[in-house]
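1 is the number of the first residue of the sequence shown in this note's numbering; add one for each residue after it. In this text, a Cβ means the ideal position worked out from N, Cα and C, and glycines have one as well. Just so you know, these numbers come straight off a predicted model, no measurement behind them. Below: the structure, in structure tokens.
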Amino acid sequence: MEDQQINLDTNYSISKGRLQKWQILSDSPQIDCMVSLRHDEADLIIILRPLDFHGRYFKVKFDSAMCLRNTPEGLFLNGVDLIEKELWGTTFFTVANSAFVRQFHENSSGIYDDSNIIHYAIYTSNFCIDVLSIAEPSVTWVDDLADLNIDDVYKESRADN
Numbered sequence: 001m002e003d004q005q006i007n008l009d010t011n012y013s014i015s016k017g018r019l020q021k022w023q024i025l026s027d028s029p030q031i032d033c034m035v036s037l038r039h040d041e042a043d044l045i046i047i048l049r050p051l052d053f054h055g056r057y058f059k060v061k062f063d064s065a066m067c068l069r070n071t072p073e074g075l076f077l078n079g080v081d082l083i084e085k086e087l088w089g090t091t092f093f094t095v096a097n098s099a100f101v102r103q104f105h106e107n108s109s110g111i112y113d114d115s116n117i118i119h120y121a122i123y124t125s126n127f128c129i130d131v132l133s134i135a136e137p138s139v140t141w142v143d144d145l146a147d148l149n150i151d152d153v154y155k156e157s158r159a160d161n
């Protein structure tokens with residue numbers, strides 16, 4: 001399947017930022033949980049299992065992830081309370097006027113102030129993943145986790161250390 005354009009949808013508020021429903025595909029799947037997350041110097045790959053799981057996983061790949069925050073869902077109670085009821089069950093968001101982006105700019109002494117950094121949020125039943133990136137991720141369906149060589153990648157990265 002080819003990578004598809006990402007479209008923004010309805011706006012909702014969350015804290016002082018603005019939560020926007022992110023229509024990652026025209027037929028965005030309903031997601032059950034995150035299965036795998038791999039972040040190295042080249043990219044960030046997030047593997048998600050859809051609710052109607054039939055052996056296919058959903059892969060989100062960021063080539064230019066600048067910052068990652070991965071919080072177990074049970075520790076994100078205040079954030080979940082702020083999500084409007086209309087968005088319950090939604091997995092993919094962007095956050096406008098993001099405190100996470102502001103904090104990133106402060107921590108990096110403003111060297112990325114001229115960059116158009118987007119706060120992507122992927123909230124599943126087990127993890128709340130926030131990614132700052134200057135480029136949209138690619139999204140694809142994966143038929144088999146073995147195709148991703150997740151164990152091989154893990155072994156290679158451990159061998160390099």
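Distance check between residue 119 and each of 49, 129, 42 places 129 closest, using alpha-carbon atoms only. Only residues of its own chain outside the window of five on either side were considered, and among them 92, 93, 94 have a CB closer than 6 Å to the CB of residue 22, listed in chain order. The bridge partners DSSP lists for residue 32 come to none. Remark: C-beta atoms of residue 140 and residue 59 approach each other more closely than 7 Å. With contacts defined by Cβ atoms closer than 7 Å, residue 127 and residue 41 do not form a contacting pair. In the DSSP assignment, residue 102 falls within the unbroken alpha helix (DSSP H) covering 99–107. DSSP places residue 138 inside the beta strand (DSSP E), whose first and last residues are 138–142. Our two residues, residue 38 and residue 134, have alpha carbons roughly 19 Å apart in a direct line.
For residue 121, the enclosing beta strand (DSSP E) starts and ends at 118–123. Distance from the CA atom of residue 142 to the CA atom of residue 32, rounded to whole angstroms, is 15 Å. Annotation: residue 112 is outside any beta strand (DSSP E) and is labelled neither H nor E by DSSP.
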